[in-house]
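For reference, the structure discussed in these notes is given below.
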Amino acid sequence: MSIRETSMPRAAQTFVEFVQLLRQNSFSVAPDQTASFIEAIGLLGPRGLEDIRRAGLAMLSIPRARWEEYDALFRAFFLDQTTSAPALGDDDDEVEAFDPRDGEQEIAVDQRDSEVGDRATRLETLSQREFLTLSDDEVLRHFAQNARRALPRRKSRRRKPTPQGDRIDQRRTLRQAVQREGEVFDLRKTSRQKRQRPIVLLIDVSGSMKDQSEQTVRLAHAVVQVADRAEVFTLGTRLTRIAPALRDKNIDRALQDVAGVVSDFDGGTRIGAAVAALLAVPRFAGTLRGAAVSVISDGLERGETGTMVDAVARISRMAWRLDWLSPLAADPLYEPRTEALAASLTYFDSLSDGSSIAALADHILSLSRAATRRLVA
Amino acid sequence: MAVNPVIAGIGSPNELQQALTGAQYIADEALATAGYLSLALSKPLLLEGAPGVGKTEAAKAIGAVLSRRVVRLQCFEGIDSAAALYEWNYPRQMLAIRQAGDDYVNIYSDDFLLERPMLEALRYPRDCVLLIDEIDRADQEFEAFLLEFLSDFTISIPETGTMRATTQPVVVLTSNRTRDLHEALRRRCVYHWIDYPNPALEAEIVMARASTVVQATADAVVRAVGELRQMPLIKPPGVAETVEWSQAATLMNQQGQPWPEAFRRAIGVAIKDHDDLDYVAPRLDDVLRGIAA
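Line order of the protein sequences matches chains E and X. Under our numbering, the residues of the first sequence are numbered 53 to 429, in order. Under our numbering, the residues of the second sequence are numbered 189 to 481, in order.
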């Protein structure tokens, strides 16, 4: 037994073990937070288990979205009650926004038209896919090498010293003047820094995109690795945030994580409802502001046309540009046939080829050169 | 870790809850607990929640309870030390140099220093509550800068040296969670998620905040807002909107609009997005019928 263990009060040991349990369940708890947690319990009495629970919520910074998971672990540890996590994908009538980092179905969004759900439910199959171990890919390597320079940028409100700026840098000008007895010989300037625009990829993983979805996710991994701010969601019968899984530098591990969290691979398509679900979660919708949004889908929408058009229109108003990449667009004679996609055309900045990883990479690398203009339906 | 179980006469979460009620802020037990722990353990309080649930008001109420003024730092993208910490009064410095001629003048004295909220909180920690509002709007560079401030409560001014707070100031951070905050920042804080209040609590808030509103109106508006929050809106109404809708509908009614037409006329103070209005408009009758029943 170590000195540390002998000096720790027995009651405190219990709470340390609870923290260890949280860590085992991917809660990030630092040692000083554990100390604060125990301190807080002492301050609160505690009068009961609720005080301990609240001390944990406050001192261990448990995000709201993980309260349910925290409570389940709390009950399991202190009350010896086991509860199962909420089952995923068992509610057919709703499109859900799912953030695996939160460990729960974050929000359920009722569809504005119930028929959407009815139709899609018949087609919906939730399934998980095993990714093959991937070898190096020249396209991805080229993308990784060039993307940082090529990704679109915008002016930030943060400023930096430059010789030809648009604003006088008073601090530096004064410092120089002090050295010259208060005489200002030249004005130092600052200009606004540039920073990368957020990149948002919405990837259709429905059955009709089965051949493309794996390579698209591989490209999404490369995007997440090089971009300062990137968000990736999969669309199918539900909306799933996969950017956290793609942050793992190891592509094989990242893809396995994605396969674990996306439960609607190769299922039905309810793009409009899934995008509406994205817009309904403020922090997800916030990622779209000023972003370059690319939807990678064949556009074979099985939901209501109006739902998809409304959702696409909203995104186009929030985003810097909105591009639709369809594998069908590899054919130069391609014209959108589905009613929903045809009606949404007016909100896209481009409708491009999304049939291969090279085409997708090329599109993203050319974003900074592309002018924003709306297509005319 | 400095532990101070009694702060300004407040020795438990219940006492803080009562004190907040006295400051016209109706807090639930969980918020009172987090607030008390933050004060007792001298740690910043991080309040997250949807826009309009009362995070900023909570900070103001804590200021009122402690009889301290609230120094607010509104975050935005690109916020830097000149906006958050301090800035030298450059024109004044230049004039002083010119005026002094060959004489010595110290242009880096307090006379030329423009205090910004964080420096003010550091210099007068017993007099103010530092509110760092909407930290999620700031960029990650500023978040990293905050880490140092919140750990040591020290500020380095190159021209004068390091400044350390004599006692840890009370700091409240708020975030609308439009992006995830860095784990390191969260770790330094006592965390609390403010949810929309339950209907009874929200009606109590309306009654406390809006003196012209009668209980029946408050109850009706709270029910209606509850239904609106169930809808997939871009900007669901917050608590502030509930209070304002109650006041606006009461005003409309006093000017001759019958119920529930008064609610309909005043919907603009509750719903503030064109798409949301389009969505709510055809459903508003059902909502109003529901609350009338």
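Even for Gly, the Cβ is constructed at its ideal location relative to N, Cα and C. Fair warning: this is a prediction, and the values are worked out from it, not measured in the lab.
Residue range of the unbroken beta strand (DSSP E) whose run includes residue i
i	result
X:G349	G349 to R352
E:R211	R205 to T214
E:Q228	No beta strand (DSSP E) holds E:Q228; the alpha helix (DSSP H) holding it covers Q222 to Q231.
E:T292	L291 to R293
Unbroken alpha helix (DSSP H) run spanning residue i, endpoints
i	result
E:D263	K262 to V278
E:L192	E190 to A202
E:W509	With chain E represented from 53 up to 429, any question about residue 509 of chain E goes unanswered, as that position is not in the structure.
E:K241	Run containing E:K241: none in the alpha helix (DSSP H); it sits in the beta strand (DSSP E), K241 to Q248.
E:S88	P83 to L96
E:T339	First-last for E:T339: undefined, no H or E at that position.
E:A392	E391 to S396
Residues bridged to residue i [DSSP beta-bridge criterion]
i	result
X:V378	X:L233
X:S344	X:T350
X:V360	X:L233 and X:L319
E:S113	According to DSSP, E:S113 bridges with nothing at all.
E:S404	E:L377
X:L302	X:E275
E:G319	E:S258
E:R219	E:T242
Contact with chain X by residue i, beta-carbon distance below 8 angstroms
i	result
E:Q85	yes
E:I114	yes
E:L298	no
E:T360	The sequence given here places Met at residue 360 of chain E; Thr does not occur at that position. So no, E:M360 is outside the interface.
E:E91	yes
E:G234	yes
E:Q231	no
E:G338	yes
E:Q76	no
E:A410	no
E:R210	yes
E:L203	no
E:S315	no
E:P61	no
E:D144	Because E:D144 carries a pLDDT of 39, less than 50, the predicted location of this residue cannot be relied on, and no value is offered for it.
E:A395	no
E:R223	yes
E:S402	no
Cβ of residue i within 8 angstroms of any chain E Cβ
i	result
X:D299	no
X:A228	yes
X:C377	yes
X:P425	no
X:H380	yes
X:E371	yes
X:Y384	no
X:P491	One cannot answer for residue 491 of chain X here, as it falls past the ends of chain X, which runs 189 to 481.
X:K460	no
Local conformation of residue i per DSSP, three classes
i	result
X:W276	strand
E:V284	strand
X:I422	coil
X:R314	coil
X:S399	coil
E:T359	helix
X:Q262	strand
E:Q163	Low local confidence applies: a pLDDT of 38 at E:Q163 is under 50, so the model's placement there is unreliable, with the coordinate-based value given in what follows. E:Q163: coil per DSSP, three-state reduction.
X:I455	helix
E:A344	strand
E:S258	strand
X:I214	coil
E:R437	Because chain E here runs from 53 to 429, residue 437 of chain E falls outside it and cannot be looked at.
E:V252	strand
X:I393	helix
X:R257	strand
X:I198	strand
E:E387	coil
Residue i, buried or exposed, once every other Cβ within 10 Å from all chains shown has been counted against 16
i	result
E:Q76	exposed
E:Y386	exposed
E:R371	Checking the displayed sequence, the identity of residue 371 of chain E turns out to be Ala instead of Arg. Buried, because 16 or more other Cβ atoms sit within 10 Å of the Cβ of E:A371.
X:P137	In the structure as shown, chain X starts at 189 and stops at 481, and residue 137 of chain X therefore has no counterpart that could be examined.
X:F264	exposed
E:F237	exposed
E:G259	buried
X:P305	buried
E:V71	buried
E:Y399	buried
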